[in-house]
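Numbering (mature numbering (1 follows the signal peptide of the UniProt record, and there is no 0)), first residue to last: -19 to -1, 1 to 163.
Printed below as a string of structure tokens:
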């Protein structure tokens, strides 16, 4: 699994010069590392999510994704990023999905920002017996220092299969973490 992610990172290396926020967080039953671009134009998006609870079959569901988001010009105090990402899934079997979506960020007073993001892949954009993949997150970040912040929110990452007994939520709950902007 690490090899495809590293190859995708190398292919997107020129895009990584765009500013971004990297968040390391822990939820009640999951951990994740996410990088989202923050500037105008194209930027690289990275995601790795691991559930801490094992399934009845003994494996721990996880997902890794790499993508490109485009920052669009919007009125002051707002940021809108739209794009897509390719996800590799380990959730009661292996699969991949091409997800599309975006992120809306609203700058608030006192170095605080509110954000919401969502990505989705229907069965036509996923492999194997995957019926749909969705990733939704809403959160609040406070940055007491210009490049460092603390973040709290709620994240749901679901993999639905043709056999509903194999449906899994890799994440579904509140989280807290730290973020670094660079």
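A virtual CB, placed ideally from N, CA and C, is assigned to each residue, including glycine.
With distances taken between CB atoms, is the gap from residue 120 to residue 99 smaller than 8 Å?
No, the Cβ-Cβ distance between residue 120 and residue 99 is not below 8 Å.
Shortest alpha-carbon distance to residue 4 belongs to which of 123, 142 and 146?
For residue 4, the nearest C-alpha among the options comes from 123.
Using the rule of at least 16 other Cβ atoms within 10 Å of the residue's Cβ for burial, across every protein chain shown, is residue 30 buried or exposed?
Buried: at least 16 other Cβ atoms inside 10 Å.
Give the secondary structure of residue 147 by DSSP, where H, G and I count as helix, E and B as strand, and everything else as coil.
In the structure shown, residue 147 sits in a helix (DSSP, three-state: H, G or I).
When we look at the beta-carbon of residue 144 and count the other beta-carbons within 10 Å, is it buried (16 or more) or exposed?
By the 10 Å Cβ count, residue 144 comes out exposed.
Going by DSSP, what residues sit across from residue 130 in a beta bridge?
Its beta-bridge partners are 160.
Exposed or buried, which one is residue 34 when buried takes at least 16 other CB atoms within 10 Å?
Looking at its Cβ environment, which holds fewer than 16 other Cβ atoms inside 10 Å, residue 34 is exposed.
Of all the options 40, 9 and 106, which has the alpha carbon lying nearest to the alpha carbon of residue 79?
Of the listed residues, the one whose Cα sits closest to residue 79 is 106.
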